[in-house]
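Below is one structure, written out as structure tokens, with a few remarks after it.
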Amino acid sequence: MTFRDRLRWDASRFFQTLTYFDVIPFWRNLRQLFAEPIQNPNLKNPPMKTVFLAISHNFGQQIIRYFSEQGYQVRVPVTDARKARMALGNDVDVREIYGDQGEDLRTELMQGVTAVVFCGELPGIAEDNADFCGSVDLTAVINAFNLELSPLQEKVLFDFSQPALEIEEIWGAVDDVVMGGVSASSLRLVENKAIFSGVVSTENNGGFASVRTRNFEPPLDLSDYPGIQLRIKGDGKRYKFILRDESRWDGIAYSYSFDAIANEWLTVQIPFGEFIPVFRAKSLSDANPLNTRQIQAMQLMHSKFEYDRQLNPTFEPGAFSLEIGSISAYNSHGKPQLILVAAEAATAEEIVKTSGLVYTIFNVAESVEGGQPLDEKIGKLCLQALETPQAANKTVVVTATTNRDDIFTA
Numbered sequence: 029m030t031f032r033d034r035l036r037w038d039a040s041r042f043f044q045t046l047t048y049f050d051v052i053p054f055w056r057n058l059r060q061l062f063a064e065p066i067q068n069p070n071l072k073n074p075p076m077k078t079v080f081l082a083i084s085h086n087f088g089q090q091i092i093r094y095f096s097e098q099g100y101q102v103r104v105p106v107t108d109a110r111k112a113r114m115a116l117g118n119d120v121d122v123r124e125i126y127g128d129q130g131e132d133l134r135t136e137l138m139q140g141v142t143a144v145v146f147c148g149e150l151p152g153i154a155e156d157n158a159d160f161c162g163s164v165d166l167t168a169v170i171n172a173f174n175l176e177l178s179p180l181q182e183k184v185l186f187d188f189s190q191p192a193l194e195i196e197e198i199w200g201a202v203d204d205v206v207m208g209g210v211s212a213s214s215l216r217l218v219e220n221k222a223i224f225s226g227v228v229s230t231e232n233n234g235g236f237a238s239v240r241t242r243n244f245e246p247p248l249d250l251s252d253y254p255g256i257q258l259r260i261k262g263d264g265k266r267y268k269f270i271l272r273d274e275s276r277w278d279g280i281a282y283s284y285s286f287d288a289i290a291n292e293w294l295t296v297q298i299p300f301g302e303f304i305p306v307f308r309a310k311s312l313s314d315a316n317p318l319n320t321r322q323i324q325a326m327q328l329m330h331s332k333f334e335y336d337r338q339l340n341p342t343f344e345p346g347a348f349s350l351e352i353g354s355i356s357a358y359n360s361h362g363k364p365q366l367i368l369v370a371a372e373a374a375t376a377e378e379i380v381k382t383s384g385l386v387y388t389i390f391n392v393a394e395s396v397e398g399g400q401p402l403d404e405k406i407g408k409l410c411l412q413a414l415e416t417p418q419a420a421n422k423t424v425v426v427t428a429t430t431n432r433d434d435i436f437t438a
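Okay, so the sequence shown: first residue is 29 according to my numbering, each after it adds one.
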């Protein structure tokens with residue numbers, strides 16, 4: 029068969045693509061009835077994140093509420109577990125403490141903790157102490173946390189040298205056949221690596237070939253990591269790596285373009301903040317940032333187009349081949365591990381800054397009208413800080429006019 033013979037659109041491949049990715053409702057319903065969800069064991073999410081929250085007053089209850097709503101397990105030291113559960117609810121992990129807690133913090137209270145929020149004295153709440161709160165020393169908390177803290181490891185998502193499942197159960201082709209084109213590609217295992225290869229044709233208004241994962245069940249939570257790492261060996265062409273945070277087949281995607289040097293193994297690190305939100309290769313200026321807590325699918329693409337009708341500068345029709353050793357979320361301690369909420373507490377701030385932990389300090393400078401603390405604002409800021417690398421090692425003065433949207437970018 030000559031290349032010219034292949035220019036006829038292949039309806040069977042179009043149908044195979046739609047059925048593989050459950051785009052057709054009838055086939056999707058059949059799969060849900062008779063098939064188990066596809067899940068690579070390497071993609072299992074870690075346990076729920078645990079935040080140790082030290083409070084001495086009712087203010088901290090707002091922070092507990094915000095963290096619980098976002099899927100965090102909150103652990104609180106208390107003197108009366110019964111009263112604490114009545115006030116905080118049964119979803120909060122309350123731990124009774126007695127006397128000097130340095131040793132107990134290390135062996136019990138801090139086990140499995142991923143971050144600490146320490147609330148000191150704040151304006152407007154001196155008369156508002158909760159009668160179940162346990163008093164813990166900031167230095168003891170930091171020492172115990174440092175002893176129990178496990179370094180964040182690289183999270184291998186796909187190790188193609190040791191695949192856990194057959195590759196065709198996870199990855200399938202999404203070529204320009206879906207829009208009438210004739211390009212064709214595949215991802216296959218060859219000698220301890222995956223090879224994304226095929227032929228891209230611009231006939232029939234086509235011009236791209238790609239492979240994409242089925243939706244992950246459950247979605248991946250990569251919020252502890254700053255980005256994706258690819259181990260690749262290329263052919264001198266330009267490729268795209270794409271993430272999706274929604275389960276829709278044809279929705280918003282987040283794309284990053286990279287050049288693959290011919291015949292040379294490279295490590296490509298892609299910070300999540302550098303992914304471009306797109307819809308069918310058109311960039312979206314008003315799209316939300318990539319939600320790294322619910323990665324639904326991944327995709328590799330070789331395309332004639334870059335973004336917004338701009339052409340791929342190295343594109344040539346014809347054969348291509350990209351070797352992939354692994355896909356990982358690379359490690360970093362870029363996000364804060366320790367948050368101090370206090371009012372002009374110079375000694376506490378110095379303890380935090382010399383702790384060796386990645387920190388954020390909120391210096392609460394004033395109360396809102398009526399003498400009430402900035403409880404709602406601080407609760408949201410603490411949650412934002414733990415999810416934001418830009419909050420690392422920053423001290424923020426919080427007032428009633430503090431803007432949560434740009435507080436860590438100023």
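For every residue, glycine included, the Cβ atom is placed at its ideal position computed from N, Cα and C.
Under the rule that a run must span 3 or more residues, the beta strand (DSSP E) segments found entirely inside the segment 317–347 read 325–331. Boundaries cannot be given for G117, as no alpha helix (DSSP H) includes it and DSSP labels it neither H nor E. F348 sits buried, since 16 or more C-beta atoms from the chains shown fall within 10 Å of its C-beta. Rounded to the nearest whole angstrom, the C-alpha separation of S238 and G262 is 15 Å.
A direct Cα-to-Cα measurement between A428 and V120 gives close to 29 Å. For T142, the number of other beta carbons within 10 angstroms of its own is at least 16, and it is reported as buried. The residue among F146, A112, G235 with its C-alpha nearest the C-alpha of Q338 is G235. Look at K363 here: in three-state DSSP terms it is coil, with no helix or strand label.
Note on geometry: alpha-carbon atoms of V122 and A413 lie some 23 Å from one another. One Cα belongs to A115, the other to A419, and the distance between them is close to 31 Å. Membership of G200 in the beta strand (DSSP E) is indicated by the continuous run 199–201. Looking at E219, G407, L385, the one whose alpha-carbon comes closest to that of V392 is G407. T375 has its alpha-carbon roughly 57 Å from the corresponding atom of L215. Beta-bridge analysis with DSSP links D187 to S354.
Under the DSSP assignment, R266 falls in the beta strand (DSSP E) whose first and last residues are 266–272. For I91, the enclosing alpha helix (DSSP H) has its first and last residue at 88–97.
The Cβ-Cβ distance between I352 and A222 falls below 7 Å. Take I304, set aside five residues on each side of it, and the residues of its chain with a beta-carbon closer than 6 Å to its own are S283, S311, in chain order.
Among the bridge pairs identified by DSSP, P417 is matched with none. Closest in alpha carbon position to V210, among N232, L328, Q89, is N232. DSSP places V164 in the coil class of the three-state scheme, outside both helix and strand. Buried is the label assigned to V164, since at least 16 other Cβ atoms lie within 10 Å of its Cβ. When DSSP states are grouped into helix, strand and coil, R276 belongs to the coil group. The continuous beta strand (DSSP E) containing I298 extends over residues 293–299. Between S251 and R321, the gap from beta carbon to beta carbon is short of 7 Å. A Cβ-Cβ distance of about 17 Å is found for the pair F146 and L175, leaving them out of contact under the 8 Å criterion. For T423, the enclosing beta strand (DSSP E) covers residues 422–426. The C-alpha of T342 is placed about 51 Å away from the C-alpha of I91.
Each of K265, V206, F186, F300 was checked against the Cα of P345, and the nearest Cα belongs to K265.
Our two residues, H330 and V228, have alpha carbons roughly 8 Å apart in a direct line.
R308 counts as exposed, since fewer than 16 other beta carbons sit within 10 angstroms of its beta carbon. If the five residues before and after V102 are omitted, its C-beta is found closer than 7 Å to the C-beta atoms of V79, L81, I92, F95, S96, V120, D121, all from its own chain and listed in chain order. When secondary structure is reduced to three states using DSSP, G208 falls in the coil class, being assigned neither helix nor strand. Of all alpha-carbon atoms in E415, S383, Y358, the one lying nearest the alpha-carbon of L258 is that of Y358.
Cβ-Cβ separation between V169 and V144: approximately 6 Å, consistent with a contact (criterion under 8 Å). A direct Cα-Cα distance of roughly 13 Å separates V386 from E377.
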